[in-house]
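Engineer: Have a look at the structure that comes next, please.
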Amino acid sequence: MNAQTPDIEARLGHWYDHIDAIFLKRLSAEAGLLPASTAKTVHGDYAHAWVRDNVYSILGAWGLACAYRRLDPGSERTSLLEANVVRLMRGLLSAMMGQADKVERFKYTQDPLDGLHAKYDAATGKPVVGDAHWGHLQIDATSLFLLFLAQMTAGGLTIVETADEVDFVQNLVHYIGPAYRIADYGIWERGRKSNDGVVEINASSVGIAKAA
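Heads up, the sequence shown stops at 1011 in my numbering, and the numbers go up one at a time, no gaps.
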């Protein structure tokens, strides 16, 4: 332990308190997912768990876990942070696997109605709106999940546990593979730039699919 260690521990502790209060304490007990908000407005129920939002949100916990691992690999906080990252990522994986039949169909149809849902019930991981009632087809969200699933796995986390899960993840690779010719609703969920809900090819979706 060097002279800087207490200062580093204090700084990490500051961020741990924030992440614990804002994210970890809000993970649902059953599904392990984060609600986007507690707000319910005329525009919708934002207590749902968006795939994209959940992945971006848990990156704070993962980054902090990596910092704690460098400081003290066997610490309780290292283990707790990593466990919650795995919990959320497995929650997303489970929610998507509940729609495995859609993924299989989409490989052949590329129909927006066969796309994976973009959001789920934060408490249960089940669908919350119909296939035609939201701009679900968001290739960037699925690609983002795959990208960080791979990076977290390479970083030492065990997220995929069974042969069925391995097969499903491989199917997700096929799902995003033709992103360069799949018109989707994109990162803003609205489709083309005129905001009329018509799908188009989005550079953001193609880019993150390529990265994944």
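Even glycine gets a Cβ: it sits at the ideal position worked out from N, Cα and C.
Could you name the residues of the same chain whose beta carbon sits closer than 6 Å to that of Ile986, not counting the 5 residues immediately before and after it, in chain order?
Structural biologist: Answer for Ile986: Asp939, Ser1003, listed in chain order.
Engineer: Starting from the C-beta of Gly996, find all residues in its chain whose C-beta is less than 8 Å away, skip the five residues before and the five after it, and write them out in chain order.
Structural biologist: Cβ neighbours of Gly996 beyond the five flanking positions: Gly934, Tyr984, Arg989, Gly990.
Engineer: Let me confirm a value: Ala1070 is counted as buried when at least 16 other C-beta atoms fall within 10 Å, else exposed. Which label applies?
Structural biologist: What is shown of the chain runs 800 to 1011, which leaves residue 1070 out entirely.
Engineer: Please name the residue or residues paired with Glu999 in a DSSP beta bridge.
Structural biologist: DSSP, once it has assigned bridges, lists Asp983 as partnering Glu999.
Engineer: Report the rounded CA-to-CA distance for Ser856 versus Gln937, giving the unit in angstroms.
Structural biologist: Answer to the nearest angstrom: the Cα atoms are 18 Å apart.
Engineer: Could you give the first and the last residue of the continuous alpha helix (DSSP H) run that contains Phe822?
Structural biologist: Unbroken run through Phe822: none, as it is neither H nor E.
Engineer: Please list the segments of the beta strand (DSSP E) lying wholly inside the stretch 870-942, counting only runs of 3 or more residues, in order along the chain.
Structural biologist: Whole beta strand (DSSP E) segments, 3+ residues: zero.
Engineer: Between the Cα of Thr961 and the Cα atoms of Ser893, Val902, His932, which residue gives the shortest distance?
Structural biologist: Of the listed residues, the one whose Cα sits closest to Thr961 is Ser893.
Engineer: Leaving out five residues before and five after Leu956 in sequence, what residues of the same chain have Cβ atoms less than 7 Å from its Cβ?
Structural biologist: Glu881, Val884, Val885, listed in sequence order.
Engineer: Buried or exposed for His916, going by 16 or more other Cβ atoms inside 10 Å?
Structural biologist: Label assigned to His916: buried.
Engineer: Secondary structure at Ala1011, three-state DSSP: helix, strand or coil?
Structural biologist: Three-state DSSP puts Ala1011 in coil, outside helix and strand.
Engineer: Return the chain-ordered list of same chain residues with a C-beta closer than 8 Å to the C-beta of Ala899, the five sequence neighbours on each side being excluded.
Structural biologist: Closer than 8 Å at the Cβ level, and outside the excluded window around Ala899, lie Phe967, Asn970.
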